[in-house]
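Have a look at the structure below before the remarks.
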Amino acid sequence: MTERRRAGYEKKKARATREKGLLIVYTGEGKGKTTAAMGMVLRAVGHDMPVGVVQFIKGAMDSAERRVLSALPQVRFHAIGDGFTWLTQDREGDMATAREAWGVAREMILDPDLALVVLDELNVILKYGYLDLDEILAVLAERPPMKHVVVTGRHAPAALVEAADLVSEIRRVKHPFKEQGVKAQAGIEF
1312 MTERRRAGYE KKKARATREK GLLIVYTGEG KGKTTAAMGM VLRAVGHDMP
1362 VGVVQFIKGA MDSAERRVLS ALPQVRFHAI GDGFTWLTQD REGDMATARE
1412 AWGVAREMIL DPDLALVVLD ELNVILKYGY LDLDEILAVL AERPPMKHVV
1462 VTGRHAPAAL VEAADLVSEI RRVKHPFKEQ GVKAQAGIEF
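In our numbering, each residue's number is its place in the sequence shown (first place is 1) plus 1311.
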């Protein structure tokens, strides 16, 4: 690092004095949104922080992250869902399951004992109108001051992006399934 860059970094670091719980959104068409969120879970656990995870939609699917993380004493892991909407073809059932998952998520968001809460695939639920965005934004605004919340999924609504402190859009540049016909593989996709 050059001396000029180091000085610029030190200046920014000196100005960053506030601490607060962050609302983080991982969205976009690329692979890696859930992977990024689960990496944050591991990072938090490494700091002995209690974590809550709610996976919307994915409840019907076995996942390696659920098997590993739910075994950790610092993690409360709930996968609540019947699978992807194009598989279930049951809007009313999907909406009821989304409301059930939101009930668990809401409790976690408001629980002062949890430091980090991940709401995996919530953006998809919001895109389909299964839950009320205004209600979710209100609960996020009520969270304890140091509570970090991560929301994942494609199609993050503009109001959620606006409310967030950090938004990363994961863009697909190249994907083996789409371009090369390579199937999803254990340890990479699930």
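The beta carbon of each residue, even a glycine, is placed where N, CA and C say it ideally should be.
Contact with chain B by residue i, beta-carbon distance below 8 Å
| i | result |
| --- | --- |
| ASP1445 | Going by chain labels, chain B is absent from the structure shown, which holds only one protein chain. |
CB-CB length for residue i against residue j, believed under 8 Å
| i | j | result |
| --- | --- | --- |
| ILE1368 | GLY1392 | 4 Å |
| VAL1336 | VAL1435 | 13 Å between Cβ atoms; not a contact. |
| ALA1375 | PHE1488 | The Cβ separation is near 18 Å, so there is no contact. |
| LEU1334 | LEU1451 | 6 Å |
| TYR1442 | TRP1413 | The residue asked about is misnamed: residue 1442 is Leu in this sequence, not Tyr. Yes, they are in contact, since the Cβ atoms of LEU1442 and TRP1413 sit about 5 Å apart, within 8 Å. |
Counted within 10 angstroms of its Cβ, other Cβ atoms place residue i as buried (16 or more) or exposed
| i | result |
| --- | --- |
| VAL1493 | exposed |
| GLY1464 | buried |
| LYS1458 | buried |
| GLU1432 | buried |
| GLN1254 | Lying before the first or after the last residue shown, residue 1254 is absent from the chain, which here runs from 1312 to 1501. |
| THR1345 | buried |
| LEU1477 | exposed |
Residue i - containing beta strand (DSSP E), residue span
| i | result |
| --- | --- |
| ASP1405 | ASP1405 -> not in any beta strand (DSSP E); alpha helix (DSSP H) instead, spanning 1402-1421. |
| ASP1431 | 1427-1431 |
| VAL1493 | Counting along the chain, VAL1493 falls outside any beta strand (DSSP E), and DSSP gives it neither H nor E. |
| THR1463 | 1459-1463 |
Beta-bridge partners of residue i, as assigned by DSSP
| i | result |
| --- | --- |
| SER1479 | TYR1337 |
| GLU1366 | Here residue 1366 turns out to be Gln, not Glu, going by the sequence shown. For GLN1366, which the question treats as bridged, DSSP gives the partners ALA1390, ASP1431. |
| HIS1486 | Bridge partners of HIS1486: none, in fact. |
Residue i, enclosing alpha helix (DSSP H) - first and last residue
| i | result |
| --- | --- |
| THR1345 | 1344-1357 |
| ILE1447 | 1444-1453 |
| ARG1377 | 1375-1380 |
| GLY1319 | 1314-1326 |
| LEU1471 | 1469-1474 |
Residue i Cβ short of 7 Å to the ligand ZN heavy atom set
| i | result |
| --- | --- |
| ASP1445 | The model depicted lacks the ligand ZN and carries no ligand whatsoever. |
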